[in-house]
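Residue numbers (the numbering used here): 2 to 361. Here's the structure, in structure tokens; my notes come after.
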């Protein structure tokens, strides 16, 4: 007990509170502005835009991993509260789409690898871990361990998440001409004390089990699965208050933008341009693949697009929630993608590291 408290105290002492306060203040102003002009996912996109701008101006901002993890627990619980028994009737359609997303991830990663290798001129390992959409932190850590250029991988992976979050609403509202369906969030009734205790206990239990089983994104996935089960089987009827979702969006958006703080962006400008070009091309291919799969399997195009989009699982689930799309469908497909990449990327990295480098 003393050891656990000591670790927690050490972590708190290691936090740069002025940097955190500045990041959240800037994120709050950006989110508030985006909310005022009625942007989709306003609190996340606005906070992200503000903190990215601040990062590029070398502002001292930082959001600790622990705070982001706490927000992911809330997000997972919130997403789980949107699950209903009716969703189980659609599960029989999902195996085919899961196979489709795995095939698509392999093809899309291969396309991105060739682009970064042959057009951008990256070395093989850096190109591999930049091309695989498996999450900023794991891909950066694994890529550096295998001999890749850590800053290039982090930049490309971070830009991928940011650009997909920005462009998905643009595609949805501009090309698909769909209006937001946030009414589902606003209709959630407040929790009573007993429901609150059940959800808190379930979220913590889900987190520990997900970590023990090494499930991807355990902070969000574990609480989401437990919350979903509690709501589907009627143990809990109400969901979290909407204000908690806004706070979660605000902190997560600030955290994403703050990841660019301290990066030598001037020296990495060529890779920024290449990453931007590749991600735009990849997003176009994602839309075409989603259109094909949706027509072949008779699924909703928007749900397939969000399931196939190479963004972060939390961000894509949030977009799904804001559009009243089944978040369980989106989450399951992204977890399949991340699992595939986390298993295969280290093996490919070791294989590349053990063979001589050739000129692109």
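Just so you know, even glycine gets a beta-carbon here, dropped at the ideal spot from N, CA and C.
Asked                                                                                                                                                                                                : Found
Of the residues 97, 148, 303 and 49, which one's Cα is nearest the Cα of residue 32?                                                                                                                 : 49
Is the shortest distance between the beta-carbon of residue 150 and the beta-carbons of chain D less than 8 angstroms?                                                                               : Absence of chain D from the displayed structure is noted, only one protein chain being present.
Please report how far the alpha carbon of residue 29 lies from the alpha carbon of residue 75, in whole angstroms.                                                                                   : 18 angstroms
For residue 270, tell me which candidate among 160, 82 and 260 has the shortest Cα-Cα distance.                                                                                                      : 160
Tell me, please, whether the region 149-168 touches the region 247-261 by the rule of three or more beta-carbon pairs shorter than 8 angstroms.                                                      : yes
DSSP on residue 279, reduced to helix/strand/coil?                                                                                                                                                   : helix
So within the region 204-242, which uninterrupted beta strand (DSSP E) runs reach at least 3 residues, ignoring any that extend past its ends?                                                       : none
If distances are taken between C-alpha atoms only, which option among 67, 86 and 57 comes closest to residue 230?                                                                                    : 86
In the structure shown, what three-state DSSP assignment does residue 366 receive?                                                                                                                   : Outside the shown range of the chain, which is 2 to 361, sits residue 366, and nothing can be said about it.
Would you mind working out which of 299, 296 and 326 sits nearest residue 308, comparing C-alpha positions?                                                                                          : 326
Have a look at 213, 339 and 273 and flag the residue whose alpha-carbon is nearest the alpha-carbon of residue 311.                                                                                  : 339
Find out if the Cβ-Cβ distance for the pair residue 324, residue 303 is shorter than 8 angstroms.                                                                                                    : yes
For the alpha helix (DSSP H) that residue 160 lies in, which residues bound it at each end?                                                                                                          : 151-171
Can you find the residues in the same chain that come closer than 7 angstroms, C-beta to C-beta, to residue 207, ignoring five residues on each side of it along the sequence?                       : 223, 224, 226 and 227
Count the other C-beta atoms from every protein chain shown that fall within 10 angstroms of the C-beta of residue 319, then say buried if there are 16 or more, exposed otherwise.                  : buried
Can you tell me whether DSSP reads residue 299 as helix, strand or coil?                                                                                                                             : coil
Would you kindly work out how many angstroms separate the C-alpha atoms of residue 254 and residue 47, rounded to a whole number?                                                                    : 7 angstroms
Leaving out five residues before and five after residue 295 in sequence, what residues of the same chain have Cβ atoms less than 6 angstroms from its Cβ?                                            : 302 and 305
On the three-state DSSP scale, how would you describe residue 134?                                                                                                                                   : coil
Please work out which residues of its chain come closer than 7 angstroms, Cβ to Cβ, to residue 167, disregarding the five sequence neighbours upstream and downstream, and give them in chain order. : 46
In three-state DSSP terms, what is residue 244?                                                                                                                                                      : helix
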